[in-house]
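When we follow our numbering, the leftmost residue of the sequence shown carries the number 3, and every step to the right adds one.
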Amino acid sequence: MQDQYSNPSILIPRAEHCISRANISENALKVLYRLKGAGFQAYLVGGGVRDLLLGREPKDFDVATDATPEEVRRVFRNCRLIGRRFRLAHVHFGREIIEVATFRGTSDDNDERKLENGMIVRDNSYGSIGEDALRRDFTINALYYNIADFSVLDFADGTADIERGVLRLIGDAEQRFREDPVRMLRAIRFASKLGFTLHPSCEAPLHEMGALLHSVPAARLFEEVLKLFHAGTALNAFDRLRHYDLFAHLFPQTEASLSREEHAFPITFVNRGLDNTDRRIGEGKPVTPAFLFAVLLWEPVRLRAAELERAQQAPAAAMQQAASDVLSRQQDHVAVPKRFSLQMREIWGLQHRFEARRGKRPQRLSSHPRFRAAYDFLVLRAESGEVETELADWWTQYQETNPQDRERMSQGDRDPAKRRRRRGGRRRKESAAGE
Ligand code: ATP
Ligand code: MG
């Protein structure tokens with residue numbers, strides 16, 4: 003090992019790289035120093051090193067060490083061990099969590115590292131830093147910043163790929179994707195987030211291997227999809243996912259509706275929704291998983307609701323039923339946690355209520371806790387031509403005016419023609435409900 007370190011192609015001394023402790027979170031530094039003080043090796047690794055070398059602000063800091071998770075726990079009081087498939091220590095500092103991983107080894111001849119059909123189902127076999135580097139996913143993610151001398155260790159030619167802007171898997175790409183199909187989504191995520199190109203060896207198997215995503219737990223895919231679309235480059239990630247035929251394996255119902263009408267409304271709607279998310283992130287505004295998934299699944303929900311309405315269901319009931327149908331089919335692919343799917347149902351369910359602009363109804367609607375998200379959603383629908391722009395404009399104006407004027411806006415006689423239609427509609431609904 004020691005010899006490897008002295009190889010100049012692996013060790014980059016402090017003077018030859020741009021990573022400064024001033025840009026590393028204080029808590030990450032605390033963890034590194036404390037581990038070192040306890041006699042362990044301690045490195046910053048992964049996205050933290052990669053992003054600092056690129057001059058970007060890291061999202062979080064990951065630490066790698068030769069201490070076992072139990073040993074890490076003994077060093078920190080504020081520490082929790084997590085994961086079964088991949089045991090890790092989480093050191094908590096208020097809201098910030100520093101993830102500490104023990105160097106993984108490559109030996110397969112023990113119970114701690116287990117593969118099923120080429121897929122890693124457990125990886126708790128420990129090893130040296132050199133081994134650890136080679137089982138990381140991309141070369142640019144296998145760089146280690148050593149707290150002992152502030153040098154960077156590069157075992158997989160990651161710095162060269164950082165300079166070239168290339169995303170390359172370590173080892174045989176097909177095998178690495180098979181071991182963990184989520185790496186395909188990580189490839190798309192890093193390529194779009196960093197503006198990197200996929201190395202041809204990494205790109206070629208992508209088109210063929212999407213079906214492997216079905217063997218990944220749907221809850222893990224939810225986390226991964228969220229990272230993909232909440233990194234500020236959702237639109238780019240969406241294009242790439244579709245380009246590599248991965249999107250269909252995540253959102254089959256959406257893909258079916260998109261490919262049916264490639265150039266018409268649905269694709270515009272999703273694009274606008276994602277663009278909107280990217281813009282909000284760019285402006286530092288909050289984004290919610292519920293809105294994102296409501297956008298991604300709207301087209302199948304809308305089509306299903308229309309179908310149910312044609313079968314004589316009342317609009318509100320049809321929407322609820324459509325939401326249930328689409329969400330339950332979606333759960334096998336990318337599972338949306340209940341707290342978000344409830345909000346999605348509200349966003350969808352409120353859409354038809356925007357049409358009622360008379361009397362007390364606008365007032366009631368605007369005090370609904372999900373009104374703002376539902377309104378943003380309405381604006382997207384209007385922008386992509388699904389509903390009249392005039393409707394969204396009315397609601398924009400409604401929110402901008404003072405209470406007296408709001409009342410004026412919601413007064414006035416309804417168009418008699420509309421009134422007749424509405425009554426007729428209601429009677430139909432009632433008879434459909436068997437009343
Ligand atoms: P981010 O900026 O999203 O945090 P990251 O590269 O730090 O990007 P993490 O998910 O935080 O990603 O993982 C930290 C590091 O752990 C990665 O850089 C990589 O070295 C390794 N890693 C994570 N997931 C995998 C995986 N599925 N296969 C192999 N290595 C992985
Ligand atoms: Mg990270």
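Cβ atoms here follow ideal geometry from the backbone N, Cα and C, with glycine treated the same way.
Model, not experiment: these values are computed from the prediction.
Euclidean distance between Cα positions of residue i and residue j
i, j, result
"Arg16", "Leu54", "13 Å"
"Phe253", "Gln43", "43 Å"
"Ala91", "Phe140", "22 Å"
"Ala296", "Val272", "10 Å"
"Gly351", "Gln322", "7 Å"
"Val328", "Ala250", "15 Å"
"Glu285", "Gly234", "10 Å"
"Ser368", "Arg374", "8 Å"
"Asp247", "Ser261", "12 Å"
"Ala394", "Leu380", "6 Å"
"Arg191", "Arg58", "16 Å"
"Gly342", "Ala292", "Here residue 342 is Phe; the residue named in the question, Gly, does not match the sequence. For Phe342 and Ala292, the distance between alpha carbons rounds to 5 Å."
Environment of residue i [buried if 16+ CB atoms lie within 10 Å]
i, result
"Asn143", "buried"
"Ser194", "buried"
"Asp415", "Here Asp415 scores only 45 on pLDDT, less than 50, and its place in the model should not be relied on; the value that follows carries that caveat. Label assigned to Asp415: exposed."
"Phe88", "exposed"
"Tyr128", "buried"
"Gly212", "buried"
"Asp64", "buried"
"Leu299", "buried"
"Asn278", "buried"
"Asn126", "buried"
"Arg360", "exposed"
Cβ-heavy atom distance, residue i to the ligand MG, below 7 Å
i, result
"Lys61", "yes"
"Gly49", "yes"
"Asp64", "yes"
Opening and closing residue of the beta strand (DSSP E) in which residue i lies
i, result
"Phe95", "90 to 95"
"Ile84", "81 to 84"
"Asp156", "154 to 156"
"Asn148", "145 to 148"
Extent of the continuous alpha helix (DSSP H) to which residue i belongs
i, result
"Asp53", "49 to 55"
"Val297", "291 to 312"
"Asn238", "236 to 245"
"Leu380", "373 to 385"
Beta-ladder partner(s) of residue i, from DSSP
i, result
"Arg115", "Asp125"
"Val102", "Val65, Ala91"
"Ala44", "Thr67"
"Thr161", "Thr161 pairs with nothing; no bridge assigned."
"Val168", "Thr199"
"Leu13", "Leu155"
Residue i beta carbon near the ligand ATP (any heavy atom closer than 7 Å)
i, result
"Asn148", "no"
"Asn143", "yes"
"Lys229", "yes"
"Asp182", "yes"
"Asp139", "yes"
"Arg188", "yes"
Residue i CB to nearest heavy atom of the ligand SAH below 7 Å
i, result
"Arg185", "Questions concerning the ligand SAH fall outside what the structure shown contains, since the ligands it does hold are the ligand ATP and the ligand MG."
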